[in-house]
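There are 2 protein chains.
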Amino acid sequence: MINTALTEIFRIEFPIIQAGMAGKVTNAKLVSSVCHGGGLGTLGAGYMSPEMIRYHIGEIRKLTTRPFAVNLLIQDEEYNKEMFEEGKKRLAPYYKQFKISMDEVVLPSYTWRDQLNVLIEEQVEIFSFAFGVPDESTLKYIRSKGIKTIGTATSVKEACFLEEIGIDAVVAQGLEAGGHRGGFFESDPLVGSLALIPQIVDHLQIPVIAAGGIMDGRGVVAAFSLGASGVQLGTAFLSTFESEAHPKHKEALFSSTERSTELTTAFSGKLARGLTNKLMKELSEDLSSIAPYPLQHYLTAPIRQKATLVNDERYMGMWGGQGSRYCRLKSAHSVVRDIIRETNETIKQLSRHSSLS
Amino acid sequence: MINTALTEIFRIEFPIIQAGMAGKVTNAKLVSSVCHGGGLGTLGAGYMSPEMIRYHIGEIRKLTTRPFAVNLLIQDEEYNKEMFEEGKKRLAPYYKQFKISMDEVVLPSYTWRDQLNVLIEEQVEIFSFAFGVPDESTLKYIRSKGIKTIGTATSVKEACFLEEIGIDAVVAQGLEAGGHRGGFFESDPLVGSLALIPQIVDHLQIPVIAAGGIMDGRGVVAAFSLGASGVQLGTAFLSTFESEAHPKHKEALFSSTERSTELTTAFSGKLARGLTNKLMKELSEDLSSIAPYPLQHYLTAPIRQKATLVNDERYMGMWGGQGSRYCRLKSAHSVVRDIIRETNETIKQLSRHSSLS
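These protein sequence lines are chains D and R, in that order. Residue 1 is where the first sequence starts when you use the working numbering, and the numbers rise one by one after that. Residue 1001 is where the second sequence starts when you use the working numbering, and the numbers rise one by one after that.
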């Protein structure tokens, strides 16, 4: 048992959160395995239809009675359909290469509000979000239903904004993090975790969850040292048995180094960190041809999905953070347990350095 | 007293190193003050003439008998004089604005080898370096004189290379760091400290010194957690009483946030992090007009120096890292002592989180 403000609020054993990775990585097995390990599992429901979210929540509940979170991507702008059509023309050679019909390149018919309604109806215990912020009345309604909330910040300004609107905890996301930058104000200062965490901690009263580059107990203790009340790990759970990341993606993580990832807008139009591959490089050659988020996501999704089906890692989206070489091929609950053991060992070893020891 | 491999090797009380900031920031008072605090002071001799280096070493020795380091910037390429002349034409409007005559825009007549000879003649105890690596025979000669060496790495590959050539300790520089990126292989992976430190530690036998975003005891404990044997801080010493950073530069540090700095090639041609100002923004508008390192340094140096003389912070070079808001207006030795106290407090507090407590 590790007690922090976070373990109290979310009724979890250890303040270790599995990040809600959108894009067919998380499933009931992964989420429940993390929960059984003592951490907080998260369903990455960002690109899931409301029906699919309801299905997954049901599956998770068959496997565990522990609290879990569902993560959504907040996006209020209207789609620019003209830009979408232009993007389709630009990416036509890829569609041809992968025999993708234009009917497969589509924008979703649901919004994040439709998704959120499922969370409310299902009385999910924790709702985490990124890319934006629910409006005041929505947040008030969510809270009135007893649902706890976790927002994502990449700067002090965003973190303060999240605290002001009344959420329960803030993820401070450093630039080491794999996947999407979760911020919502215009310019992202790209601050490293070690610098960002204390600055956010010092400005908030609510608990801060450190994210970005944390892969083991050493990273957890570093985050605690910097004042965080918990940690959120994505990449570390990508490689677990339960994760639905493609085997080629897992292989690439295991053979990666600190130099293997890049921040790119190529896949979604929004800055995200992933393992460099052919599709990322090709699309990045002309940055002006990349459509804004989320259009680029829906434009490239069929390519990345088809590449996954035919095991072609050159065209997949393979998210990963700067600590990806520490991925483990284990059950998610074992990863949580390993990290707890390492955390305790690291704290013990630290006393060597101290004059107080 | 804090014991690590580093305190043994360098015969210092605490494994806290003041970074060797080139460009008229460090002086005998700053270096000796850090040493008296129990840390390791460093003379940033990068752009100093051999005579000036000898003078400063003499001054330091008047003030302390403790070990200190001298930092040089390794640069073996010949200057491209044609590019330098082109650069002078491009920057002519600035020279005119600040009444700088072309005679003041010059390349130095000495090389890093001339500078190094002074360190050897003066039998300096510790030689730290960045931007490159001394060749094998030079390193062998330095070691035969009993001089200890510290190299700078921004990637695992660079760190391994430094260990192979036989240096005593490696600085692992995360992207939060203020001032220049110290690496020497072509592409810089821009890895955050929290991700970089353990990856370098795991690949080396020699002690690793963490740098980048560390401003207080919380950062020191984070670095220790990640496996570092010591820390190097630059920004934290920029604001001290003894530092020769311009008062306007210190003021800007005190009013900065995590969003105030940017990585730029505008001032020297090599990537470095500093507080955003007018000169940085203007020169960054056309990246193709920036001369390669060190030409751009010598092209912009007269502008930055004149701006310093006339107290115009819009045109100064104001280095700083992503933790700059934690700068203190104190003596350098008090900063070292503060950090030691905070380090011990943080380690004590960590036991709250541990099941072993």
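Idealized CB from N, CA, C, for every residue including glycine. Since the model is a prediction, treat every value here as computed from it, not as a measurement.
- Using a Cβ-Cβ cut-off of 8 Å, residue 1155 of chain R is close to 258, 259 of chain D, given in chain order.
- Under DSSP, residue 1262 of chain R shares a beta bridge with R:1274.
- Around the beta carbon of residue 1344 of chain R, a 10 Å sphere encloses 16 or more other beta carbons of the protein chains shown; the residue is thus reported as buried.
- When Cβ-Cβ separations below 8 Å define contact, residue 347 of chain D makes contact with chain R.
- One alpha carbon belongs to residue 107 of chain D, the other to residue 115 of chain D, and they sit about 15 Å apart.
- Chain D has no Cβ within less than 8 Å of the Cβ of residue 1059 of chain R.
- In this structure, residue 1131 of chain R lies near residue 1182 of chain R, with their beta-carbon atoms less than 8 Å apart.
- Within the region 1159 to 1179 of chain R, the residues whose Cβ lies closer than 7 Å to some Cβ of chain D are 1174, 1175, 1176, listed in chain order.
- Residue range 148 to 153 is occupied by the beta strand (DSSP E) that includes residue 152 of chain D.
- The Cβ of residue 296 of chain D sits no closer than 8 Å to any Cβ of chain R.
- Put simply, the CB of residue 1299 of chain R is far from chain D, with every gap to its CB atoms at 8 Å or more.
- Among the CB atoms of chain D, one or more fall inside 8 Å of the CB of residue 1195 of chain R.
- Contact note: residue 226 of chain D reaches chain R through 1218, 1219, 1222, using a C-beta cutoff of 8 Å and chain order.
- C-alpha of residue 1277 of chain R to C-alpha of residue 1249 of chain R: approximately 11 Å in a straight line.
- Here residue 1233 of chain R is not near residue 1091 of chain R, since their CB atoms are 8 Å or more apart.
- Any Cβ of chain R closer than 8 Å to the Cβ of residue 189 of chain D would place that residue at the interface, and such an atom is present.
- Excluding residues up to 5 positions away in sequence, 171, 173, 177, 232 lie with their Cβ nearer than 6 Å to the Cβ of residue 211 of chain D in the same chain.
- According to the DSSP assignment, residue 1182 of chain R belongs to no alpha helix (DSSP H), since it is labelled neither H nor E.
- A Cβ-Cβ distance of about 4 Å is found for the pair residue 240 of chain D and residue 332 of chain D, placing them in contact under the 8 Å criterion.
- Listed along chain D is no residue with a C-beta nearer than 9 Å to that of residue 1207 of chain R; the closest approach is about 13 Å.
- For residue 1230 of chain R, the three-state secondary structure derived from DSSP is strand.
- DSSP places residue 290 of chain D in no alpha helix (DSSP H); its state is neither H nor E.
- Using a Cβ-Cβ cut-off of 8 Å, residue 97 of chain D does not count as an interface residue toward chain R, since no Cβ of chain R sits closer than that to its own.
- Against chain R, a Cβ distance below 8 Å from residue 351 of chain D picks out 1347.
- Contiguous alpha helix (DSSP H) elements confined to the region 1117 to 1170 of chain R occur at 1136 to 1144, 1156 to 1164, taking only those with 4 or more residues.
- Residue 1012 of chain R carries a coil assignment under DSSP once its states are collapsed to helix, strand and coil.
- For residue 210 of chain D, the enclosing beta strand (DSSP E) covers residues 208 to 211.
- Listed along chain R, no residue sits closer than 7 Å to residue 132 of chain D by beta-carbon distance, the nearest being about 20 Å off.
- With its beta carbon at least 8 Å from every one in chain D, residue 1181 of chain R lies outside the interface.
- At least one beta carbon of chain D lies nearer than 8 Å to the beta carbon of residue 1325 of chain R.
- For a Cβ distance threshold of 7 Å, residue set 191, 192, 195 of chain D lies close to residue 1322 of chain R, ordered along the chain.
- At a Cβ-Cβ threshold of 8 Å, residue 1199 of chain R and residue 325 of chain D count as neighbours.
- In the displayed model, residue 17 of chain D falls within a strand according to three-state DSSP.
- The alpha-carbon separation between residue 260 of chain D and residue 1032 of chain R amounts to approximately 42 Å.
- The C-alpha of residue 1218 of chain R lies about 45 Å from the C-alpha of residue 51 of chain D.
- The beta-carbon of residue 1213 of chain R is placed less than 8 Å from the nearest beta-carbon of chain D.
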